[in-house]
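Counting in numbering that gives the first Met the number 0, the sequence shown runs from 0 upward without gaps. By construction, the Cβ of each residue, glycine as well, lies at the ideal position given by its N, Cα and C atoms. Source: prediction; values computed, not measured.
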Amino acid sequence: MKIGVFDSGVGGLSVANAIKAALPAHEVEIREDREHVPYGLRQPEEILGFVVPIFEELIDEGCQVIVVACNTVSTTLITELREKFTVPLIAIEPMVKPASEITKSNVIAVCATPTTLASDRYAWLKKTYAEGVRVIEPDTSNWSKMIEDDKTNHDKIKEQIDEVLSESADVIVLACTHYH
Ligand code: DGL
Numbered sequence: 000m001k002i003g004v005f006d007s008g009v010g011g012l013s014v015a016n017a018i019k020a021a022l023p024a025h026e027v028e029i030r031e032d033r034e035h036v037p038y039g040l041r042q043p044e045e046i047l048g049f050v051v052p053i054f055e056e057l058i059d060e061g062c063q064v065i066v067v068a069c070n071t072v073s074t075t076l077i078t079e080l081r082e083k084f085t086v087p088l089i090a091i092e093p094m095v096k097p098a099s100e101i102t103k104s105n106v107i108a109v110c111a112t113p114t115t116l117a118s119d120r121y122a123w124l125k126k127t128y129a130e131g132v133r134v135i136e137p138d139t140s141n142w143s144k145m146i147e148d149d150k151t152n153h154d155k156i157k158e159q160i161d162e163v164l165s166e167s168a169d170v171i172v173l174a175c176t177h178y179h
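Below, the structure written as structure tokens:
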């Protein structure tokens, strides 16, 4: 089977590599949107216009399933995309549920793009799975661009992570595939 993997940029690579390792008998076709990355500061309507032609292309090339390796797309557009396309769309979303289950301090940190953090799906995940858990959302609005441009400021990221650790967060959710 041919499996399509989509992300706005480099985030899709780690997901595609994991799929290749787990399913070596299947073909993996990866697509990025270098022209419009980062998605994480854009509105869902705009992102929809970018993603639809790319998914159409993957389907035309014979992909029987598409892995949406982008939390920003999954949390904002997956319902519309599933209505539009007949191939199965496998989505990735912020792992609020497992994080809330394993935290001992009852404080977790979710690192995600601003568009993901503003989404209804993310609000639903927190309401459903993180009741009674304090969720810290550090400002990671420039992370995708830094990572995409290979200009990651490790000191600045360490500062932000140290800050959430000092607030007792004992689980950090990397809710953007770029951050892996
Ligand atoms: N890698 C994507 C995600 O998981 C989006 C990064 C971006 O384009 O801002 O959300």
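- Query: Taking 6 Å as the line, does the beta carbon of Tyr-38 fall inside it for any heavy atom of the ligand DGL?
  - Reply: Checking every heavy atom of the ligand DGL against the Cβ of Tyr-38, one is found closer than 6 Å.
- Message: Counting C-beta neighbours from all protein chains within 10 Å, is the total for Trp-123 16 or more, i.e. buried, or is it exposed?
- Response: So Trp-123 ends up on the exposed side.
- Message: So, under 8 Å CB-CB, Ser-140 and Leu-40 are touching, yes? Tell me the CB distance rounded to an integer number of Å.
- Response: Between Ser-140 and Leu-40, the beta carbon gap of about 6 Å places them in contact (Cβ cut-off 8 Å).
- Query: Given Glu-31, which residues of its chain have a CB within under 7 Å of its CB, disregarding the five upstream and five downstream residues?
  - Reply: Excluding positions up to five away in sequence, the list reads Asp-6, Ser-7, Gly-8, Gly-11.
- Message: Give me the residue from Glu-100, Ser-99, Ser-73, Met-94 with the minimum Cα distance to Leu-88.
- Response: Leu-88 has its Cα closest to that of Ser-73, out of Glu-100, Ser-99, Ser-73, Met-94.
- Task: Mind checking which residues open and close the alpha helix (DSSP H) that includes Ala-15?
- Result: Taken as a continuous stretch (DSSP letters only), the alpha helix (DSSP H) holding Ala-15 covers 10-21.
- Query: CB of Thr-75 to nearest heavy atom of the ligand DGL: below 6 Å?
  - Reply: Thr-75 Cβ: outside cutoff for every heavy atom of the ligand DGL.
- Could you pull out every residue in the same chain whose Cβ sits closer than 7 Å to the Cβ of Tyr-128, ignoring the five residues on either side in sequence? Closer than 7 Å at Cβ, skipping near neighbours: Val-95, Lys-96, Ser-99.
- Determine, using beta-carbon pairs with one atom in the region 161-169 and one in the region 103-122, whether at least three such pairs fall under 8 Å. Because the criterion of three Cβ pairs below 8 Å is met, the region 161-169 and the region 103-122 touch.
- When you compare only the Cα positions, how much space is there between Arg-33 and Lys-150? If I take the Cα positions, the gap works out to 16 Å.
- Leaving out five residues on either side along the sequence, give the residues of the same chain with a beta carbon under 6 Å from the beta carbon of Thr-71. Tyr-38, Gly-39, Thr-112, Thr-114, Thr-115, listed in sequence order.
- Message: Does the distance between the C-beta of Cys-110 and the nearest non-hydrogen atom of the ligand DGL fall short of 6 Å?
- Response: Cys-110 Cβ: outside cutoff for every heavy atom of the ligand DGL.
- Determine the burial state of Glu-92: buried for a count of at least 16 other Cβ atoms within 10 Å of its Cβ, exposed for fewer. By the neighbour-count rule (16 or more Cβ atoms within 10 Å), Glu-92 is buried.
- Item | Beta carbon of Glu-26 nearer than 7 Å to that of Gly-3 | No.
- Excluding the five sequence neighbours on either side, which residues of its own chain have a C-beta within less than 8 Å of the C-beta of Ile-135, listed in chain order? Closer than 8 Å at Cβ, skipping near neighbours: Val-106, Ile-107, Ala-108, Val-109, Val-163, Glu-166, Ala-168.
- Any chance the CB of Cys-62 is under 6 Å from a heavy atom of the ligand DGL? Because no heavy atom of the ligand DGL lies under 6 Å away, the Cβ of Cys-62 does not count as near it: no.
- Query: Residues in its own chain within less than 6 Å of Leu-80 by CB, not counting five upstream and five downstream?
  - Reply: Excluding sequence neighbours, Leu-80 sits near Leu-88.
- Query: CB-CB under 6 Å to Pro-43, same chain, minus the five flanking residues each way: which ones, in chain order?
  - Reply: Here the set comprises Thr-75, Leu-76.
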